[in-house]
Amino acid sequence: MSKRRPYVRSMDGWWRKNPFYVEYMIHECTALFVAAYAFVLLVGLVRLGQGEAAWNGWLDALRSPVSVAFHVVFLAVIAYHTYTWFVIMPITLPPIIIGGKTVGPGVITGGGLLAAVVVSLVMLALVWRIV
Amino acid sequence: MMKAGLKRSNAPIFWGLFGAGGMLSALFGPVLVFITGIAVPLGLLLPKGAMSYPKMQAFAQNFIGKSFIFAVIALFLWFAAHRIFHSLHEIGIHAGLGAKLICYGSAFASTVIAAYVLLVLGF
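So the protein sequences, as listed, match chains A and B.
Its first residue numbered 385, the first sequence is counted upward by one per residue in the working numbering.
Its first residue numbered 1106, the second sequence is counted upward by one per residue in the working numbering.
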């Protein structure tokens, strides 16, 4: 075994040196919040399967101030995920050609954000009609 | 000519789940958080009892409702697992098999649990 310990430049905090990478790290971190919310829903589903008392216990837990505060944070962060998802989409999608012309990045981002707004309004309308 | 022994990569599957989950959470995430985590608990805006037991049980027994619940929970987690796994490298964690098992394993376990509960809830 060699006793040499060559100098290796530290990469700690590399992303803090450039605003582009700071934004990149922030939008990558939104996944943690998406996962946390999905786990909240998974617990809700399991409680639903256990019957009415268990389900009502889950609803009660959601009413606690701590839970509401967490969900306000989830809402802000996941809405930011929506925004970055559609901002990046022109790069992640293969070129879309309609009528011989490539669809521009602004149209893809705008269309995605519009779709998210429409979906949100339809979901709220559906919840209204369910009752 | 393709080599007969060429191993096909499983990357497209995880990439596909990531894309589907990212899209679903971008479209439905904010409004779902608002409904389940803010509006219903605070009795804000939405009708009272919008998430009462009979309503949610009926929703989870309905084929469309069942599919929606399953897609949201499973795909949100596959999306997050993929993104978190690939971000570990950026913060200096050289992710190996253990990190892979934790990230994708928790998504897989949650998918199985969600499917099981939804099946037991009946149609």
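No residue lacks a Cβ here, since even glycine has one placed at the ideal position from N, Cα and C.
All values reported here derive from a predicted model rather than from experimental measurement.
query, result
"In whole angstroms, what is the alpha-carbon distance linking A/VAL501 and B/ALA1155?", "21 Å"
"Whole alpha helix (DSSP H) runs in the segment 427 to 491 of chain A with 4 or more residues, listed along the chain?", "436 to 447 and 449 to 476"
"Using a C-beta to C-beta distance shorter than 8 Å, which residues of chain A count as neighbours of B/VAL1138?", "TYR421, HIS455, PHE458, LEU459 and ILE462"
"Would you list, in chain order, the members of the segment 469 to 491 of chain A that have their beta-carbon closer than 7 Å to a beta-carbon of chain B?", "TRP469 and PHE470"
"Compute the distance between the beta-carbons of B/PRO1135 and A/LEU459, then report whether it is under 8 Å.", "yes"
"Should A/ALA415 be flagged as near chain B, meaning a C-beta pair shorter than 8 Å?", "yes"
"Output, in chain order, the set of chain A residues within a Cβ distance shorter than 9 Å of B/GLN1166.", "Simply none; closest approach about 10 Å."
"So the alpha helix (DSSP H) B/SER1172 belongs to, where does it begin and stop?", "1168 to 1192"
"Quick check on B/LEU1206 - is its C-beta less than 8 Å from some C-beta in chain C?", "Going by chain labels, chain C is absent from the structure shown, which instead holds the protein chains A and B."
"Helix, strand or coil, according to DSSP, for A/ARG577 in the structure here?", "This structure leaves residue 577 of chain A out entirely; chain A is present only between 385 and 515."
"Using 8 Å for Cβ pairs, my map puts B/ARG1188 next to B/PHE1123. What's the rounded Cβ distance?", "7 Å"
"Which residues in the same chain have their Cβ closer than 7 Å to the Cβ of B/MET1106, if we skip the five residues on either side of it in sequence?", "Per-residue confidence for B/MET1106 stands at a pLDDT of 48, beneath the threshold of 50, marking its modelled position as unreliable; no derived number is given."
"List the endpoints of the continuous alpha helix (DSSP H) containing B/ALA1155.", "B/ALA1155 -> no alpha helix (DSSP H), and no H or E assigned at all."
"Going by other Cβ atoms of all chains shown within 10 Å of its Cβ, with 16 needed for buried, is A/GLY490 buried or exposed?", "exposed"
"Run down chain B in chain order and give the residues with a C-beta less than 8 Å from the C-beta of A/ASN440.", "TYR1158"
"When the Cα of A/VAL521 is compared with those of B/LEU1129, B/GLY1197 and B/PHE1175, which residue comes out closest?", "There is no way to answer for residue 521 of chain A, as the model of chain A reaches only from 385 to 515."
"If I'm right that B/ALA1125 touches B/LEU1180 with Cβ under 8 Å, what's the distance once you round it to whole angstroms?", "5 Å"
"Output yes if chain A places a C-beta closer than 8 Å to the C-beta of B/PHE1184; else output no.", "yes"
"Can you tell me whether DSSP reads A/MET395 as helix, strand or coil?", "coil"
"What does the Cβ neighbour count give for A/TRP512, buried or exposed, with the cut at 16 atoms within 10 Å?", "exposed"
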